[in-house]
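*Asks:*
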Amino acid sequence: MPEQPRKPRRLVQTLCKAHEVGQLIRVRCFNCNTRHYLPGDLGQLVGNIPFWDVDRHMRCERCKRRDLDVDILLPSASEVMKIRVRRLVEIRMVRKVIWRDG
Numbered sequence: 113m114p115e116q117p118r119k120p121r122r123l124v125q126t127l128c129k130a131h132e133v134g135q136l137i138r139v140r141c142f143n144c145n146t147r148h149y150l151p152g153d154l155g156q157l158v159g160n161i162p163f164w165d166v167d168r169h170m171r172c173e174r175c176k177r178r179d180l181d182v183d184i185l186l187p188s189a190s191e192v193m194k195i196r197v198r199r200l201v202e203i204r205m206v207r208k209v210i211w212r213d214g
């Protein structure tokens with residue numbers, strides 16, 4: 113039987129690698145809006161995961177739905193001037209107390 117050609121392996125584009133290259137992550141909500149993020153900022157929140165798994169960890173801030181499409185792009189210098197990029201300012205952990213009468 114002839115030798116089978118190797119299947120091309122899919123290059124895993126993680127958030128850390130995308131940040132090193134200078135790419136942006138575009139997150140589109142199917143219902144309301146599109147936002148752009150720096151991969152390094154998203155990496156601080158969800159870890160160094162492939163960019164196509166980011167939608168599992170997010171939801172839209174406006175409509176609170178999880179119907180998101182995540183894409184990666186390498187904008188040119190003129191495109192960077194037009195795109196508003198959301199930056200991570202701080203991470204707050206909220207403690208919520210739940211009581212049970214017993």
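Going by this note's numbering, the letters in the sequence shown line up with residues 113 to 214, in that order. Virtual Cβ for every residue (Gly too), placed ideally from N, Cα, C. Fair warning: this is a prediction, and the values are worked out from it, not measured in the lab.
Please name the residue, chosen from Arg138, Asp181, Ile203, Lys208, that lies closest to Leu157 on a Cα-to-Cα basis.
*Replies:* As a position in the sequence shown, residue 157 is number 45, starting the count at 1. Leu157 has its Cα closest to that of Ile203, out of Arg138, Asp181, Ile203, Lys208.
*Asks:* Mind checking who His148 pairs with in its DSSP beta bridge?
*Replies:* One-based indexing of the sequence shown puts residue 148 at position 36. DSSP, once it has assigned bridges, lists Arg138, Val197 as partnering His148.
*Asks:* Just mark Leu150 as buried or exposed, buried being the case when its beta carbon has 16 or more other beta carbons within 10 Å.
*Replies:* Numbered from 1 along the sequence shown, position 38 holds the residue referred to as residue 150. By the 10 Å Cβ count, Leu150 comes out buried.
*Asks:* Nearest to Arg198 by alpha carbon, out of Glu115, Val139, His148?
*Replies:* In the sequence shown, counting from the first residue as 1, residue 198 sits at position 86. Cα-wise, what sits closest to Arg198 is His148.
*Asks:* Under 8 Å, do Asp153 and Leu185 count as touching if we go by C-beta distance?
*Replies:* In the sequence shown, counting from the first residue as 1, residue 153 sits at position 41. In the sequence shown, counting from the first residue as 1, residue 185 sits at position 73. No, they are not a contact pair.
*Asks:* Please list, in chain order, all residues of the same chain as Asp181 whose beta carbon is under 6 Å from its beta carbon, the five residues on each side excluded.
*Replies:* Within the sequence shown, numbered from 1, the residue matching residue 181 stands at position 69. Closer than 6 Å at Cβ, skipping near neighbours: Arg140.
*Asks:* With distances taken from CA atoms, which of Thr146, Lys129, Arg178, Glu173 is nearest Gly155?
*Replies:* Your numbering for residue 155 matches position 43 in the sequence shown. The shortest C-alpha separation from Gly155 is found at Lys129.
*Asks:* According to DSSP, is Asp181 part of a helix, a strand, or is it coil?
*Replies:* Taking the first residue of the sequence shown as position 1, residue 181 is located at position 69. Three-state result, Asp181: strand.
*Asks:* Taking Ser188 as the reference, which of Trp211, Glu115, Val133 has the closest Cα?
*Replies:* Locating residue 188 in the sequence shown gives position 76, where the first residue counts as 1. If we check each option's Cα against that of Ser188, Val133 comes out closest.
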